[in-house]
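Numbering (full-length UniProt numbering), first residue to last: 1 to 1035.
C-beta: ideal position from N, C-alpha, C; glycine also.
These numbers come from a predicted model, not from an experiment.
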Amino acid sequence: MLRNLKKNINRNSFFLVTSRVIITIALVIRFFVDKTNIYMIDNQGIWGIIIFTIFLLTAITLFGIKWFAHKYSLFLDIIVLYVAIYLTHDINSDIYLFLYLPVIVFLDNSRIRESILVLSCILTIYLGLSLLMLYKFDYKNFHYLYIARNIIVRMFFISFIALAFILFNFKNRINIKLKNTLLNKSKKAIIAVDNYGNITSINEIAAKFLGFSIEELATKKITEIYQNYEEAKKVKEKLKIEGPIDNYRTKLKTKQGKLKSINLDALMLNDLGDSVGFFYNQNVSKNEKLIEAWKIIFGQHSDNNDNLLFEIAKQVVEIFANDYSMENVFCCIAILEKNLLKLHTIFPDEAKRAVLNQIKEVNITGDSKIGVIGKAAKTGEIQVVSNTYDCEDCISIEGLDARSMIAVPLKSRDEIIGVLSISHPEGNYFNNSDVQNVKTIGHFAEVAVNKKLSNRRFIRLSEGLVNINETITKAVSYREVEAEILNIICEAFGCDIVTIHIYNNEFVFPFSMTGVNDVKRIREEEPMTKSSVPYRVLKAKKPIFSEDVLNSPIFKSSFNRREKVESAFATRLIFNQQIQGVFFLSFRTKHRFTKNEKKYLSLYSFSLARSLYELKLKDKLTTRSVTMTALSETFIKLNTQIDFEGFDQDVLENLKNIIDFDRGSLQLIERNRNRVLVDTHGCKKDEYSDYLLRQIEDDHLLQKVFNGQKTYFIEDVLKDHDWVSTNFTSKVKSWICIPIIARNTPIGLITLDFFEQFRHNDFILGVLTSYGTFLSQVMENNRLLKERKGHIEDLEEAEALAIRGLLYGEDIHYSANKLSAAKTFSDYLIKTSENFDKKQLDRINRISTNIKGFLDILEANISNIKPPVPVIFNIAKVLDQVISGMAKTKGVIIKNPHKDDNFIVNGYRRQIIQVFRVVIHNAIKALEGDGTIWIKIKKTNIKSNSYISVDIEDNGYGIPREKQAGLFEMKTPNMSKKSFGLGLGWTFYFLESYGGSIKFVSEEGQNTVFTINIPSTFSEDLNNRINNIGSKESY
């Protein structure tokens, strides 16, 4: 306790301790002497609280907490003192303040700011009291005015004395600061120590000094800064005798109690000839400059991985040679690459550099002498040689006469990458401090290299993740991009990767990449067993990082020493709460997984799991799209077969291709015709057909499906009590049966026998159900087509009659396109595959209704055909009307510059309109939704007759040469095509009979031009010829 008391008294101002002790004694005396005022506070123990607080403050000052005493005790002292004065109602008791005020104001040299704050508090209290007294003053009682006067006098008296002392002391501080500012050349860590041991920071830039903060130094004596009091005394005596000291080497006790060798500069501080202390600063030429230079190196980045260490080496040597103040010290760095030491060095002498160039590299694998640097590179230990002349195995790798040498190996991830060498021509030149400094510099080089390598690896890892995600986004299936993804992973982790495997759900190795040519694939397949890697990884549930696979319980059975695999990583690929597979990497050398690598391996695993999941969905959607396209084509094909009477072998093959199952059998059973189409595997077709037909008649599942008219699915036949196993069904594991229903009556069945267990699949069931529904619709539609077969012949006759009566002038193409609407059914089917059954039935009924309605219209209008009447009209206006009716076609532009011109003719206006409509409509179809049509009209004379010539040009693909010869031939109507084929044929024969003409110029890949010549006048001979157009003889 006495030692603690002495320490705290030394640490705090003597006046501070003395004043608190005096105040405490004074208050105790007043407590016992003036008891009258004490009892005025109604015996509530307030005085006891005050006395206890004063004693507490004194104890804190002597034995207590340094931080509390310095920060808050001054203000607490003032508050307690004035509370005591107020409670005793004795204003004149402020005489005690005179005992305390000098201590507050002149605490020490560093407390001017706090002293001013305390003084301000005191004056504020005095001012408040004087104002209170003046407020209570009246003319009957002058007591309050007397008190106010005394307070104001004391206030001015205290202020004057305090201000005088402050100014005097501040002048002293300014003198000291001005003197030492001139001496402060380095602007680094300047500390001033007065004769009482109080230490002050002269230069406010310095925040730390030798491990101690400024606030901590302010409470320490010199004996604590130096190793002992004798060292501090030696510095003082040396200052008095020799004056300023430069580069004084001594030792320092750091905050952790460790000794640190430092260099100090010291100078005595004088004030008017009297010594007030001395200042010293740390020699920063070795340490701080070196650290600043390393900060710059750490901030740099090199893109060339091969030159990374050479870049660091150059920076190390330059810093050491330029900033490390050792005379005639030479430095070099030897880079270890493939057992060869390549040198990089800086010497202040060109001649010495020339000598160095003679030795480029040294092989350290041979038995010959390898020198100090080679030994450090080979053993990985620091080599210190005090005299190379006494060492037989030592050679100077720099080719210089170096007697003292230090060689520090540089390591990166436990691998030696080079050696830092320091040499001097004198023997026994380096001490232990120098060895530690060189070791520290070597550590800086290691950190710099490792940081740059880590940054580069981090960049590679992050870029790899971006590249994987971009590759996956563009991919349609995983097999298309598997090699690219594995290459990205291999580049991200370096060339020491042996293999990368991604197990699929069947736990084999379908996706693998070998990073080293001399290492074969581990396995082509690995089944899901308890000893397999996938099984163990799935059981582990967490990512597995193994730096030594031969001692790993997960991997030890999968590798041996011949496969040269040292480290491995494996994790489950999980996405959407489903296991997509296992991701596995193996490394040729022992690989230490960093935090960044572990983080990015997790991100890679997530991306791969997501990609496998999404790409499987894409594959499934692609498969479904192809399947539904094939299904649509089949529907269209069957729908156009008018003579389709039932199932045939093509239907069975088509259905088999759509479902695409490998092991099993498929049957189509037609009940009304007592016929079975079977695609068997190892069964006799006839016997199996007879067996199935018997099952329909018996009380079997097939009969139940007929009666219930709904799909029946058995996932496991062994667990279904209705299933009866026979010789034909002994291999069956799962079974599906779908009824084919027409007019609410079952007419057949589709059955599938799976020889491997088939799990519930909505897609397959939907396809089969839709196929069965459509087969029933096709059969029903064909029945209706047979009933209306006679109407087709009537339709051909109606067409001939219509041509003769020119009835088809406006309706022929519209009606024909209605019949070709079935071709668009495939697109419609793909979009509505989930609601396939009902909508397909509605579509077939609608087509049947349209056909019937069209035939009825033709039948009703045949008797109303009337001969046409010639009229006078404007060809330009007619063309403008036709173009306006077709202008809504998307992507096609029709340019007609003659819409306001006058080209008058006398003829059949309605039929001429149809001619233009046919030609323009064909031009639009040729453009396929993208192109331009130009209209040109002019008057011309042909054989002394006046004509209006119309050119209709499009920039389509042209008419194939093989189709040009028969372009204007009349064709027999065919319901399976888009139109009846009568448009251009009818146009040609009409214009020929009308006295005009139509011709075209076209080549494949170029524009097509149709030229129509129309007579300007009309004659009776022309009328007679037109009436014979529709006759069969004219065909």
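Alpha carbons only, please: which of the options is nearest the one belonging to residue i?
{"i": "Ala605", "options": "Ile959, Phe593 and Phe569", "result": "Contrary to the premise, residue 605 reads as Ser rather than Ala in this sequence. With distances taken between Cα atoms, Ser605 lies closest to Phe569."}
{"i": "Phe584", "options": "Lys595, Ile883 and Arg572", "result": "Arg572"}
{"i": "Ile937", "options": "Ser949, Leu768, Glu1004 and Leu718", "result": "Ser949"}
{"i": "residue 1038", "options": "Ala407, Ser567 and Tyr947", "result": "The structure shown has nothing for residue 1038, since the chain only spans 1 to 1035."}
{"i": "Val878", "options": "Ile422, Val1001, Arg910 and Val869", "result": "Arg910"}
{"i": "Glu614", "options": "Leu668, Arg588 and Ile574", "result": "Ile574"}
{"i": "Asn387", "options": "Gly380, Ser412, Ile417 and Phe430", "result": "Phe430"}
{"i": "His591", "options": "Ser567, Phe755 and Leu612", "result": "Ser567"}
{"i": "Phe754", "options": "Ile747, Ile764, Trp735 and Gly748", "result": "Trp735"}
{"i": "Cys737", "options": "Phe713, Thr745 and Glu756", "result": "Phe713"}
{"i": "Val705", "options": "Gly581, Thr745 and Gln383", "result": "Thr745"}
{"i": "Val767", "options": "Thr751, Asn781, Met779 and Gln757", "result": "Thr751"}
{"i": "Pro543", "options": "Gly581, Ser602 and Phe587", "result": "Ser602"}
Would you mind sorting residue i into buried or exposed? The rule is 16 or more other CB atoms within 10 Å of its CB.
{"i": "Tyr771", "result": "buried"}
{"i": "Leu775", "result": "buried"}
{"i": "Pro960", "result": "exposed"}
{"i": "Glu597", "result": "buried"}
{"i": "residue 1058", "result": "The chain is shown from 1 up to 1035; residue 1058 falls before or after that span and cannot be answered."}
{"i": "Tyr600", "result": "buried"}
{"i": "Gly885", "result": "exposed"}
{"i": "Tyr389", "result": "exposed"}
{"i": "Gln436", "result": "exposed"}
{"i": "Pro1015", "result": "buried"}
{"i": "Ala965", "result": "exposed"}
{"i": "Pro739", "result": "buried"}
{"i": "Val872", "result": "The question names Val, yet the displayed sequence has Ile at residue 872. That one is exposed."}
{"i": "Glu237", "result": "exposed"}
{"i": "Leu749", "result": "buried"}
{"i": "Ile904", "result": "exposed"}
{"i": "Gln757", "result": "exposed"}
For residue i, which beta-bridge partners are listed by DSSP?
{"i": "Tyr604", "result": "According to DSSP, Tyr604 bridges with nothing at all."}
{"i": "Ala570", "result": "Ile544 and Phe584"}
{"i": "Pro739", "result": "Leu749"}
{"i": "Ile489", "result": "Note: Ile489 sits in no beta bridge, so no partner."}
{"i": "Asn906", "result": "Ile872"}
{"i": "residue 1041", "result": "There is simply no residue 1041 to check, as the chain begins at 1 and stops at 1035 in what is shown."}
In this structure, how does DSSP classify residue i when only helix, strand and coil are distinguished?
{"i": "Leu984", "result": "helix"}
{"i": "Ser546", "result": "strand"}
{"i": "Lys710", "result": "coil"}
{"i": "Leu819", "result": "Low confidence applies here, because Leu819 scores a pLDDT of 36, under 50, leaving its location unreliable and the question unanswered by this model."}
{"i": "Asp90", "result": "Bear in mind that the predicted position of Asp90 carries a pLDDT of just 49, short of 50, making it unreliable; the figure below should be weighed with that in mind. Looking at Asp90 - three-state DSSP - the assignment turns out to be coil, as it is neither helix nor strand."}
{"i": "Val508", "result": "Note that Val508 scores a pLDDT of 37, beneath 50, so its modelled location is shaky and nothing firm can be said."}
{"i": "Thr471", "result": "helix"}
{"i": "Val869", "result": "coil"}
{"i": "Asn941", "result": "strand"}
{"i": "Lys877", "result": "helix"}
{"i": "Leu410", "result": "strand"}
{"i": "Lys999", "result": "strand"}
{"i": "Lys895", "result": "strand"}
{"i": "Thr1017", "result": "coil"}
{"i": "Gln703", "result": "helix"}
{"i": "Asn437", "result": "helix"}
{"i": "Ser611", "result": "helix"}
{"i": "Phe990", "result": "helix"}
Which residues in the same chain have their Cβ closer than 6 angstroms to the Cβ of residue i, if we skip the five residues on either side of it in sequence?
{"i": "Thr1011", "result": "Asp951 and Lys999"}
{"i": "Val915", "result": "Thr987"}
{"i": "Val419", "result": "Ala334, Ile373, Ala376, Ala377, Ala407 and Pro409"}
{"i": "Asp901", "result": "Ala876"}
{"i": "Gly1005", "result": "Gly958"}
{"i": "Asp880", "result": "Lys899"}
Can you find a CB in chain C that lies within less than 8 angstroms of the CB of residue i?
{"i": "His591", "result": "Among the chains in the structure shown there is no chain C, since it carries only a single protein chain."}
Can you list, in chain order, the residues of its chain with a C-beta nearer than 7 angstroms to that of residue i? Leave out the 5 residues immediately preceding and following it.
{"i": "Ser552", "result": "Ser546"}
Below 8 angstroms CB to CB, which residues in the same chain sit around residue i once its five sequence neighbours on both sides are set aside?
{"i": "Ile488", "result": "Gly464, Asn467, Ile468 and Thr471"}
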